[in-house]
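Reviewing the structure listed below.
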Amino acid sequence: MTDHFSELERRRQAAIQGGSQSRIDRQHERGKLTARERVTVLLDEDSFVELGQLVQHQSTDFDLADQRPPGDGVITGYGTVHGRLVYLYAQDFTIFGGSLGRAHASKIVQVLDLALQNGAPVIGLNDSGGARIQEGVVSLGGYADIFLKNTLASGVIPQISAIMGPCAGGAVYSPAITDLVFMVQGTSHMFVTGPDVVHAVTQEEVTAEDLGGAATHSERSGVAHAVYQNDITCLEAIRTVLNYLPQNCEEQASMDTAFQPPTSHMEDLNTLVPHNPNKPYDMHDVIRLLVDRSSFFPIHDGFARNLICGFARIGGHAVGLVANQPAHLAGVLDIDASVKGARFVRFCDAFNLPIVTLEDVPGFLPGTDQEWRGIIRHGAKLLYAFCEATVPKITIITRKAYGGAYDVMSSKHIRGDLNYAWPGAEIAVMGAKGAVRILHRAALKNAEDPASLEEEFSRDYQERFSNPYIAAEHGYVDEVIYPNETRERLIRGLAMLRNKILTNPRKKHGNMPL
Ligand code: HXC
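Under the numbering used here, the letters of the sequence shown match residues 84 to 597, in that order.
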């Protein structure tokens, strides 16, 4: 019996060790944790149960027959985060560079299947040289198996990807299908083709960091939803974000009864929006005053900063927040902001998170660049997402709600449940200057002093249209409220809407304008 036990112990220890000590040291020198260390940070203490620890590849090509490390370069299993079940896989760069072969892929597919069947989130920690070159097409097939499972699980269970090393070639498409992609500064890279291939094909010189580093994907491409300084802060962020999410699409959003109100006084909200409609203010200041203390978790913080998206708690209710940001490009909706918002709204809707919209939007961004790149079809994504969302939707118009953007930003017309406006709100087809130049073109052309006449027309237009009361008369806003009443209205509204039931017409799936 002792022999049996010692054989098991020998095999276990080999699996736990992972790659050679020199490869582990190299991983640490780069500021990266090993796969097993990452699992320990991510999960609650002593909660991890490993699956397939002794799985080995069956390949014999090249010299693979002589190298059959237990686990095949990926750690898979389940455990808990804040006491709730999660499934995970962590690629081990110290074994074949974390590359993916048949056995490695099958292990990932197994946890995806289990997560889907048992209705719990799945987290992928990616650190891999991509398809295992020695296994050829078999490893490509392994990726395709994963892509399929990711797609089938989409909208059923939350899927979170952390990129904690290289992620190249088609391998990027598994994280891309998942709900959230987090990257680590300096050590993570994502690209379809690396710098050498880029140079060979296009003659462009580019570093891996510029091509697909964390800054590139969080600020330019929008592929990454958040960036963290190191492995530990990234893994802690995954633990935090899971707090806001239900286990699966059948569960209600979570409630935190121990929430703390914001630190500042609600009255500060009354003076936050400048009288001059052209003066910016920081919507983050509004958010800070409305949400439970330190509860805002930004998504896509560095990308399309004219629209703020993130999770938060309001009176303990987990919500998704979508807010125009007047401090960046005046809060205008452009292509990137529309796509960012659409993706976030759909994520919230899929996982039963009520959507709170804070609106101060001068409209869609005009110009050839936006038109030629398709602002019509991209803007339509945001409209479509808000229209189809059946979760509770509460909208606060803090200042401007102009033109099509008024309709898009969760208006009453597209099934906003509770729509409020602050007293300084301007709900109109367009701003006064633009409107006057169209309405009074002839008069202004023939005027002796066009500037003062335009001023007069603008004042008149503003008095008549740039206020919330016409919309309130039509019932397009439920109430005009003092800003300092907003948090209380949100808390009561979220409680009132908690059991909302609304379904869309039966269909195979909609045809969102992609
Ligand atoms: C097999 C691989 C590997 C791979 C790395 N290794 N990538 N083994 N298949 N794809 C091995 C290396 O041989 C090495 O083994 C160990 O992992 C560490 O790699 P290094 O090169 O020493 O590390 P580093 O200098 O950090 O460079 C990491 C790297 C580089 C940038 C990832 O290894 C690299 O460029 N690898 C190839 C990436 C690639 O082109 N993959 C295919 C992408 S296409 P030893 O034994 O020497 O330590 C793809 C298609 C998917 O993935 C399609 C799905 C549809």
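Each residue gets a CB set at the ideal place from its N, CA and C atoms; glycine is no exception.
Neighbour-count burial assignment, residue i, 16 or more Cβ in a 10 Å radius
{"i": "LYS85", "result": "Before going further, note that residue 85 is Thr rather than Lys in the sequence given. By the neighbour-count rule (16 or more Cβ atoms within 10 Å), THR85 is not buried but exposed."}
{"i": "LYS591", "result": "exposed"}
{"i": "ALA518", "result": "buried"}
{"i": "LYS464", "result": "buried"}
{"i": "ARG426", "result": "buried"}
{"i": "GLN110", "result": "buried"}
{"i": "TRP505", "result": "buried"}
{"i": "LYS583", "result": "exposed"}
{"i": "GLU287", "result": "exposed"}
{"i": "SER549", "result": "buried"}
{"i": "GLY558", "result": "exposed"}
{"i": "ALA297", "result": "buried"}
{"i": "THR569", "result": "buried"}
{"i": "ARG303", "result": "exposed"}
{"i": "GLU319", "result": "exposed"}
{"i": "HIS496", "result": "exposed"}
{"i": "SER541", "result": "buried"}
{"i": "PRO449", "result": "exposed"}
{"i": "TYR170", "result": "buried"}
{"i": "ASP155", "result": "buried"}
{"i": "ASP500", "result": "buried"}
Bridge partners - residue i, DSSP secondary structure assignment
{"i": "PRO381", "result": "GLY393"}
{"i": "CYS332", "result": "Its beta-bridge partners do not exist; DSSP assigns none."}
{"i": "TYR503", "result": "ILE479, GLU562"}
{"i": "ILE206", "result": "LEU171, ILE243"}
{"i": "LEU183", "result": "ALA214"}
{"i": "CYS250", "result": "MET273"}
{"i": "LEU263", "result": "ILE243"}
{"i": "ILE158", "result": "ALA173"}
{"i": "MET338", "result": "HIS400"}
{"i": "VAL310", "result": "MET266"}
{"i": "TYR485", "result": "ALA511"}
{"i": "VAL444", "result": "ALA484"}
{"i": "ASN407", "result": "LEU390"}
{"i": "VAL422", "result": "VAL422 is not bridged to any residue."}
{"i": "ILE438", "result": "GLY403, LYS476"}
{"i": "VAL164", "result": "ARG167"}
{"i": "VAL132", "result": "TYR161"}
{"i": "LEU416", "result": "PHE447"}
Integer-rounded CB distance, given that residue j should sit under 8 Å from residue i
{"i": "ILE477", "j": "LEU573", "result": "6 Å"}
{"i": "VAL428", "j": "VAL405", "result": "6 Å"}
{"i": "GLU562", "j": "TYR503", "result": "6 Å"}
{"i": "VAL157", "j": "LYS115", "result": "With a Cβ gap of about 16 Å, VAL157 and LYS115 do not count as contacting."}
{"i": "GLY184", "j": "GLU218", "result": "4 Å"}
{"i": "HIS272", "j": "PRO249", "result": "5 Å"}
{"i": "ARG215", "j": "PHE179", "result": "6 Å"}
{"i": "VAL474", "j": "LEU436", "result": "6 Å"}
{"i": "ARG121", "j": "ALA173", "result": "5 Å"}
{"i": "PRO363", "j": "ALA410", "result": "5 Å"}
Selection from the options that minimises the alpha carbon distance to residue i
{"i": "GLY213", "options": "ALA245, ASN201, ALA251", "result": "ALA251"}
{"i": "VAL137", "options": "LEU577, ALA186, PHE176, THR299", "result": "First, the amino acid is wrong: residue 137 is Leu here, not Val. For the residues LEU577, ALA186, PHE176, THR299, the minimum Cα distance to LEU137 belongs to ALA186."}
{"i": "ILE382", "options": "PRO357, THR323, VAL369", "result": "THR323"}
{"i": "ARG388", "options": "ALA401, HIS308, TYR327", "result": "HIS308"}
{"i": "THR276", "options": "ALA173, ALA401, GLY253", "result": "GLY253"}
{"i": "ASP452", "options": "ASP417, GLY446, GLN268", "result": "ASP417"}
{"i": "ASP384", "options": "ALA420, GLY398, LYS362", "result": "ALA420"}
{"i": "MET266", "options": "THR316, VAL374, CYS392, HIS523", "result": "THR316"}
{"i": "SER377", "options": "PHE342, ASP314, LEU527", "result": "PHE342"}
{"i": "GLN96", "options": "THR143, ARG121, PRO153", "result": "PRO153"}
{"i": "ASP490", "options": "HIS523, GLY507, GLU442", "result": "GLU442"}
{"i": "PHE295", "options": "THR143, THR270, GLN408, ASP146", "result": "Note that residue 295 is Gly in the sequence shown here, rather than Phe. Taking only the C-alpha atoms, the option nearest GLY295 is THR270."}
{"i": "HIS367", "options": "ILE391, ASP144, ASP279", "result": "ILE391"}
{"i": "ASP108", "options": "HIS358, GLU292, THR177", "result": "THR177"}
{"i": "SER244", "options": "GLY224, ASP196, ILE321", "result": "ILE321"}
{"i": "THR261", "options": "ARG119, VAL205, VAL415", "result": "VAL205"}
{"i": "LEU223", "options": "ARG589, SER301, ALA188", "result": "ALA188"}
{"i": "ARG482", "options": "GLY202, SER89, THR340, VAL369", "result": "VAL369"}
{"i": "TYR226", "options": "SER494, GLY446, LEU195, ALA525", "result": "LEU195"}
Neighbour flag for residue i against chain C, beta carbons, 9 Å
{"i": "GLY248", "result": "Protein chains in the displayed structure number just one, and chain C is not present."}
For the 8 Å Cβ check, are there 3 or more pairs between the segment 328–342 and the segment 233–248? yes
Could you tell me whether the segment 550–564 touches the segment 341–357, using the rule of 3 or more Cβ pairs below 8 Å? no
Answer yes if the segment 96–105 comes into contact with the segment 217–231, meaning at least three C-beta pairs across the two stretches below 8 Å, and no otherwise. no
Can at least three beta-carbon pairs, one atom from the segment 110–129 and one from the segment 158–168, be found at a separation below 8 Å? Under the Cβ criterion (8 Å, minimum of three pairs), the segment 110–129 counts as touching the segment 158–168.
Contact between the segment 388–403 and the segment 361–379 (3+ Cβ pairs under 8 Å): Between the segment 388–403 and the segment 361–379 there are three or more inter-stretch CB-CB distances shorter than 8 Å, so the stretches are counted as touching.
The segment 457–471 / the segment 522–537 touching (three or more Cβ pairs under 8 Å): no
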